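Notes to accompany the following structure.
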Amino acid sequence: MIESASILGRLTEAEILSQPRVWRAALERCGDYLPFWRTTGQAPAGVTFFVGCGTSYYLAEAAAAAWRVLAGGESRAVPASELLLYPELYLRADRDDRFVMVSRSGATSEVVKAAERCMALPRGQVHVFTCCEASDLAAHATQVYVFPEGFDESVVMTRSFTTMLVALLVFAGVAPQSMEPLVAAGEDVLRRFAALAASWLRSGPAEFVFLGQGPLFGLAREASLKMKEMSLSTSEAFHSLEERHGPKSVVGERTAVVLLSSENSREWERPLLSELKELGAATWQIDETGGDFSLSSGLELYRRLPLYILPCQWLALTRARAKAVDADRPRALSAVVDVSLE
Ligand code: F1P
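Written out as structure tokens, the structure reads:
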């Protein structure tokens, strides 16, 4: 059992720790949707767009990568606002596209508006992944898949992100049974990392950089957003090797770099870590094996994607507590961004 003395961020902490248990419930629920997903869920002739805002947009990025590899269809992740402001870059009346809207609340105004636009297309098909039973989004959808166990009471999205990611991986083609080791692996990762997090922050970093390639880039962006939202820290995310093309120029002794690696990328990323260390940065590599923290899940890359974000969530919570910031009450953030759109 992970003990924490702090009273700050207790709700967020509980939701972070609940994720493996919630994944098990979500995998069972996927069983209800599976027959439908495996018949009508095949890749459409056109593009499958994964659409969301904030954390849900970064989830869409990871889901789009998984869809392309697992379902084999053309896919793309876009923020909902893009479909409203620049529809000509994405929407085609003459193409058989599908739109997968990702939204914890199902109430985010840009997502609802974008779904309305997509449903108005001649062959518009909108599928919704959400954690809320009833939502405005449901009124503008062909199909809605609900995972209420993933809902976060906390404003900051943690278990909703990974629960909908688990569901989207099954939607893309992963067999739920093959994901069962994820639950025990998640418990193990949380237990081992909780003992490490404080040591990663001992150098007192003032700014954070999260790096990842392929399906890990969306997770790096989510990790960066968690660090911002929970601890009010300066944080950025890049494709790993993009770090050399400019961002590296501001890396120094007050920088902490967290690199999400895999068998695809680790050899290319190793020299980058040395360069960043030479600039004075504290660097941490999270990978299945080796690195500063090993997930040791025994799962292939796409089935272990939800594990990578667990240490990042816990690091953000630990940083918040070190700054006496309450992650349960994030600054200038609401659980749902509902603004009136024309
Ligand atoms: C998305 C979102 C979150 C953000 C904050 C406000 O909500 O923008 O990404 O962290 O909680 O809402 P949703 O569309 O997934 O409900």
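Residue numbers (my numbering): 716 to 1057. Where a beta carbon is used, it is the ideal one built from N, C-alpha and C, also for glycine. These numbers come from a predicted model, not from an experiment.
- Bounds of the alpha helix (DSSP H) holding W983 are 981-993.
- Annotated three-state conformation of F876 is helix, per DSSP.
- The C-beta of T878 has 16 or more other C-beta atoms within 10 Å across all chains shown, which makes the residue buried.
- Taking C-beta atoms under 8 Å as the contact rule, R1019 and S1009 fail to qualify, at a distance of about 11 Å.
- One thing to note: I1024 has its Cβ within 8 Å of the Cβ of E937.
- With fewer than 16 other Cβ atoms from the protein chains shown falling within 10 Å of its own Cβ, W983 counts as exposed.
- According to DSSP, residue pairing for P759 in a beta bridge does not occur.
- If one requires a minimum length of 4 residues, the alpha helix (DSSP H) runs lying completely within the stretch 930-976 are 930-946, in chain order.
- In the DSSP assignment, F866 is bridged to no other residue.
- Looking at V826, R813, L774, S914, the one whose alpha-carbon comes closest to that of L931 is L774.
- G888 places its beta carbon 8 Å or farther from that of L1022.
- Within the DSSP bridge table, the entry for H842 names V815, Q858 as partners.
- Taking the C-beta atoms as reference points, A830 is found nearer than 8 Å to A856.
- Counted as a single uninterrupted DSSP element, the alpha helix (DSSP H) harbouring L905 occupies residues 896-909.
- About 14 Å separates the Cβ atoms of L836 and L799, ruling out a contact at the 8 Å cut-off.
- Here the distance from the Cβ of L1032 to the nearest heavy atom of the ligand F1P is not below 7 Å.
- Rounded to the nearest whole angstrom, the C-alpha separation of R725 and K941 is 16 Å.
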